[in-house]
Amino acid sequence: MANLHTRDGKPLRRTGEDVHDNSGRHVGKIDGDKVYGANGRYVATLVGDRLVYRQTDSASIGSPFVPKQSTALGGAQVGGSGLWGDEPSFS
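What follows is the structure in structure tokens.
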């Protein structure tokens, strides 16, 4: 299990290739350096321990998956990053 953060510092948890938000909701799967939502659409690019939405990567498509719930994370938000890109939107 590894801790990740969004570009603006919101905490996420990585377990294998699965990404869960602070409340335990399964928000994505990692494939290489890209993260895809349950519908297979691009959500973010993994840059170190940060997830950043990049318009140039948004045309890529992954495999859909069935989300699974996890326990709540309870992590604290950290400072934002100056990485190129935007805050990812997990819907």
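To convert, take the position in the sequence shown, counting from 1, and add 184; that gives our numbering. Note that CB positions come from ideal geometry on N, CA and C, so glycine has one too.
DSSP puts residue i in a beta bridge; with which residues?
i: D215; result: K218
i: R234; result: H189 and V231
i: R225; result: I245
i: R209; result: R209 pairs with nothing; no bridge assigned.
i: P272; result: Answer by DSSP bridge pairing: none, since P272 is not bridged.
Less than 7 Å between the beta carbons of residue i and residue j, yes or no?
i: S272; j: L235; result: The displayed chain sequence assigns Pro, not Ser, to residue 272. In contact: P272 and L235 (Cβ atoms closer than 7 Å).
i: G224; j: S242; result: no
i: G269; j: Y237; result: yes
i: H204; j: R197; result: yes
According to the neighbour-count rule (16 or more other Cβ atoms, all chains shown, within 10 Å of its Cβ), is residue i buried or exposed?
i: A186; result: exposed
i: I245; result: exposed
i: K213; result: buried
i: T240; result: exposed
i: K218; result: buried
Can you name the start and end residues of the beta strand (DSSP E) that residue i belongs to?
i: V203; result: D202 to H204
i: P195; result: P195 to T199
Can you find a C-beta in chain C that's less than 7 Å from the C-beta of residue i?
i: D241; result: No chain C is part of this structure, which consists of one protein chain only.
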